[in-house]
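In this note's numbering, the protein residues as written are 1066 to 1185.
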């Protein structure tokens, strides 16, 4: 599954099921050979209809590319939030995200702990 496909699925989904879709994307991404992973991130996904999720996808693309030792796709540079977003918005989750959010997410104002991306 590419980020373009994930964006399409997110656009048609309720908030309650969006993390399940992200989890499915991450699982499929992990099983792809490293040589083909970049192709899943390169094309800019269409807008989801929620700026927070659009920025999340940019942060995710940069984060995954960096983990594979590659530069981020060029399209990610245009996406960032003006106000911080904590997708998991409990007191404990906010503290954890402030401390452990990957750089690609912090830079864009999305605060999600790295472990949430591993569990997802």
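Quick reminder that beta carbons are idealized off the backbone N, C-alpha and C, glycines included.
Cβ-based burial, residue i [other Cβ within 10 Å; buried from 16]
i, result
"residue 1177", "buried"
"residue 1163", "exposed"
"residue 1096", "exposed"
"residue 1160", "exposed"
"residue 1083", "buried"
Distance between residue j and residue i (C-alpha atoms, nearest Å)
i, j, result
"residue 1147", "residue 1174", "7 Å"
"residue 1080", "residue 1074", "11 Å"
"residue 1100", "residue 1087", "21 Å"
"residue 1108", "residue 1069", "7 Å"
"residue 1170", "residue 1156", "19 Å"
"residue 1133", "residue 1105", "12 Å"
"residue 1093", "residue 1085", "12 Å"
"residue 1089", "residue 1130", "18 Å"
Cβ-based neighbour list, residue i, same chain, cut-off 7 Å, excluding 5 preceding and 5 following
i, result
"residue 1189", "Shown here, the chain extends from 1066 to 1185; a query on residue 1189 therefore has no answer."
"residue 1072", "1110, 1111, 1113, 1122"
"residue 1167", "1128, 1179"
"residue 1149", "1174, 1176"
"residue 1144", "1119, 1120, 1123, 1173"
Cβ neighbours of residue i in the same chain (closer than 6 Å, five flanking residues each side left out)
i, result
"residue 1124", "1169, 1170, 1173, 1175"
"residue 1067", "1105"
Nearest neighbour of residue i, chosen from the options [CA to CA]
i, options, result
"residue 1151", "1144, 1139, 1165", "1165"
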